[in-house]
Amino acid sequence: MSTSTAELLKGAAELFPDEVVTQAHVRHLDLPAGAGRFALVTLDNGLDHTKPTTFGPQSLANLDKAIDQVEKEAAEGSIVGVGVTGKPFIFAVGADLKGVELLKQHADAVAIGKGGHDVFKRLATLAVPTFAYYNGAAMGGGVEVGLHCAYRTVSKAVPAFSLPEVFLGLVPGWGGCTLLPNLIGADRAVSVIIENSLNQNRQLKAKQVLELGIADALFEGADFLEQSLAWTASVLNGDTEVSRPEVDRGTAWDEAVARGRAIADSKVHGAAPAAYRALDIIAAAKDGDLQAGYDAEDTALADLIMSGELRSGLYAFNLVNKRAKRPAGAPDKSLARPVSKVGVVGAGLMASQLALLFLRRLEVPVVLTDIDQARIDKGVGYVHAEIDKLLGKGRINQDKANRLKGLVSGVLDKAEGFADADFVIEAVFEEMGVKQQVFAEVEAVAPAHAILATNTSSLSVSEMASKLKHPERVVGFHFFNPVAVLPLLEIVRGEQTDDASLATAFGVAKKLKKTAVLVKDAPAFVVNRILTRFMGEIQNIIDEGTPVATAEKAVEPLGLPMSPLVLLELVGPAIGLHVSETLHGAFPDRFTVSPNLKAVVEAGKRGFYVYDSGKPELDPEVAALLKQGDTVLTEEQVLERVTGAVAQEIGLMLDEGVVAEAQDIDLCLITGAGWPFHLGGITPYLDRAGVAERVNGKPFLAPGVASVPA
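Number 335 in our numbering belongs to position 332 of the sequence shown; there are no gaps in the numbering.
Set out below in structure tokens:
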């Protein structure tokens, strides 16, 4: 270890006293086929696979010491090669993000980047060949340590493999941006570093790792290390020759970078810098100057670590991975009652999706009811067809498919279907009288302990329960469409909902693998209230006279997964109108009902756009319906007005106690509406842009929560 690297890592370690330290154990073995004595370095933090191995400063120093040892042995000629692998199920998942959050100075951030580079690149300069054996999950710095080796193998059992840094607001800063394009070509590197990251951190499968050329060989998980060592022996003996295609350093490289910029523009619209910084480094890596690339990675990494975007990304990461597992305000889980049968009122698409989810996750009998047998048969048929799709894809075997199909049924008579149900959820028409009638019918036949859950998106749970003998067992259980994709579940406590019912609801949510957030029984709860205010303001601006295209483009800096009017199309204009009418009834001063939206719904239009050219274009028939004023705003004015409206609404919701904290608002928007991870949802953006202060007189979050600590 060089003195400067040792000092760098020692200084960084002092800033991060609570690091979960990874050891780098060196052991020696004789390779098969007489290939010689080999040093194997195993990365292991001493914990099981639920606590993946990471690289903090002390961990890097430990790897550096292990390399000191094998470097000496290689120079002496006592070993023929060096391998790096991980503990069972985990190779390594990169930098320890808890340490990154603590950094306050640019120089300290540079030290983290430089320290990692100084250690990893020593693997490439050893006097013997080096091998990485990706035996388990490998992400970020875990992938990068392997890129510094001469050869790589990957296990078919690897559950996740990625360079996810851009997703979080960083760049692959320990060699990824420089080494990967030089190994597999710029286009493939752009797919891994930019495209996959910006597609909700899509992971590579082991076979793809091989096909992309990142790994040189693929082996079964059961005897992965044994096979890798046998392959290593054949490489060292000259029996196996690893050939890699020549990297195209001509116009293909430039075209790949341009493709990456187009992807970044379409996903973040320039609102987050990480993807563009990564692409700059990939572009410069074309000449193969590795050290210049490493230096550029150090600078980009440090700049981004000190940026608000990264802190927002880490904040979002912590919300989804930590807060989501411990829902604020949830009652003691010991109060939860077991659920051994589920009833679903309704057999339409939403009800059928719910039936499938309960069936797959709880594996208990699920019974649907509806107003006629044809609807019931269609609902059960949908569930059966989805199970057949899972079977066809190899996700379940024939026995499991048969068992699941046997557990789902449908009956006309609620008494027959729900007499022994522990949990009954309704997914019928969004009208208070209809829902009250359904619950009265269910209460008459369901057991006294059964939870009565409503999937309402905007109606009062308390009012729905008000005419029942036992309103304390009614709970809001609001899913988001598509149910199988969006993780959020808003759990609504009515005025009389008791702790046991609420605890049962949270227990069921956990088994459904949903992100449950406790919300107060307030109109439209969280996501729909914010989206309706957001969409309503856009609609107002259009109604007043701003062109549709200007209003849509103005909110691109928010980096939303789709534009407001495309979202309206997905939700359905009729549903959007219904929710806006509900909220206008509750808060007439802030929520409007757009006459233009009403006209679109009355005309039976499914949205504002047609897609004849493959791109969204304003439907001429819709354009003819629009009646606009003469107030035309600029994009800047639109953004200011829309973000101001959202900030006001969130401030009021927090004052009303709709959720415990601003963090729950962001968790809801990220997991229920796909709002950007790199912006931390919405409140960090509103704080950073000064909107929260301007509208509410104070930021939503304390300094350091989603920003650089003071």
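Beta carbons: idealized from backbone N, C-alpha and C, even for Gly.
According to the neighbour-count rule (16 or more other Cβ atoms, all chains shown, within 10 Å of its Cβ), is residue i buried or exposed?
{"i": "T254", "result": "exposed"}
{"i": "K325", "result": "exposed"}
{"i": "A648", "result": "buried"}
{"i": "P567", "result": "buried"}
{"i": "V245", "result": "exposed"}
{"i": "K75", "result": "exposed"}
{"i": "V488", "result": "exposed"}
{"i": "V193", "result": "buried"}
{"i": "L32", "result": "exposed"}
{"i": "I390", "result": "buried"}
{"i": "I374", "result": "exposed"}
{"i": "L313", "result": "buried"}
{"i": "H28", "result": "exposed"}
{"i": "V635", "result": "exposed"}
{"i": "P564", "result": "exposed"}
{"i": "V464", "result": "buried"}
{"i": "V437", "result": "exposed"}
{"i": "Y297", "result": "buried"}
{"i": "T53", "result": "exposed"}
{"i": "R280", "result": "buried"}
Output the boundary residues of the beta strand (DSSP E) element that contains residue i.
{"i": "V529", "result": "No beta strand (DSSP E) contains V529, which DSSP labels as neither H nor E."}
{"i": "H481", "result": "V477 to F482"}
{"i": "V698", "result": "Unbroken run through V698 is the alpha helix (DSSP H), V694 to N699; no beta strand (DSSP E)."}
Along the alpha helix (DSSP H) that carries residue i, what are the first and last residues, could you check?
{"i": "T585", "result": "P576 to A589"}
{"i": "S237", "result": "F227 to L239"}
{"i": "H120", "result": "H109 to F123"}
{"i": "R378", "result": "Q376 to G395"}
{"i": "V596", "result": "Per DSSP, V596 belongs to no alpha helix (DSSP H) and is neither H nor E."}
{"i": "V370", "result": "Per DSSP, V370 belongs to no alpha helix (DSSP H); it is in the beta strand (DSSP E), V369 to T372."}
{"i": "I217", "result": "Run containing I217: none; DSSP gives neither H nor E here."}
{"i": "V193", "result": "A189 to V193"}
{"i": "K516", "result": "First-last for K516: undefined, no H or E at that position."}
{"i": "A443", "result": "M435 to V448"}
{"i": "G420", "result": "K417 to F421"}
{"i": "S469", "result": "Looking at the DSSP string, S469 is not in any alpha helix (DSSP H), and its letter there is neither H nor E."}
{"i": "V551", "result": "V551 to A557"}
Can you tell me whether residue i is helix, strand or coil according to DSSP?
{"i": "I82", "result": "coil"}
{"i": "I93", "result": "strand"}
{"i": "L621", "result": "strand"}
{"i": "R155", "result": "strand"}
{"i": "I454", "result": "strand"}
{"i": "Y688", "result": "helix"}
{"i": "S710", "result": "coil"}
{"i": "G1", "result": "This structure cannot settle anything about residue 1, because the visible part of the chain is limited to 4 through 713."}
{"i": "A663", "result": "coil"}
{"i": "F170", "result": "helix"}
{"i": "A627", "result": "helix"}
{"i": "E244", "result": "coil"}
{"i": "G263", "result": "helix"}
{"i": "A431", "result": "Residue identity check: residue 431 is Val in the sequence provided, not Ala. Three-state DSSP puts V431 in coil, outside helix and strand."}
{"i": "Q356", "result": "helix"}
{"i": "V73", "result": "helix"}
{"i": "E147", "result": "helix"}
{"i": "D402", "result": "helix"}
Can you check whether the C-beta of residue i is within less than 7 Å of a C-beta belonging to chain C?
{"i": "G384", "result": "Here there is only one protein chain, and chain C is not present."}
Residues bridged to residue i by DSSP?
{"i": "T133", "result": "V85"}
{"i": "M142", "result": "S165"}
{"i": "V522", "result": "V495"}
{"i": "F426", "result": "V345 and I454"}
{"i": "A98", "result": "F58"}
{"i": "G351", "result": "According to DSSP, which records beta bridges pairwise, G351 is partnered with nothing at all."}
{"i": "Y612", "result": "L621"}
{"i": "V411", "result": "V369"}
Can residue i be considered in contact with the ligand HEM, in the sense that its beta carbon sits closer than 6 Å to one or more heavy atoms?
{"i": "H28", "result": "By its list of ligands, the structure shown contains no ligand whatsoever, and the ligand HEM lies outside what it can speak to."}
Hey, which unbroken runs of the beta strand (DSSP E) at 3 residues or more fall wholly within the stretch 270-348?
345-348
Output the residue ranges of the beta strand (DSSP E) runs that lie fully inside the stretch 8-47 and measure 3 residues or longer, sorted by chain position.
26-34 and 39-47
Along the chain, which unbroken stretches of the alpha helix (DSSP H) at least 4 residues long are found entirely within the stretch 631-681?
638-659 and 665-676
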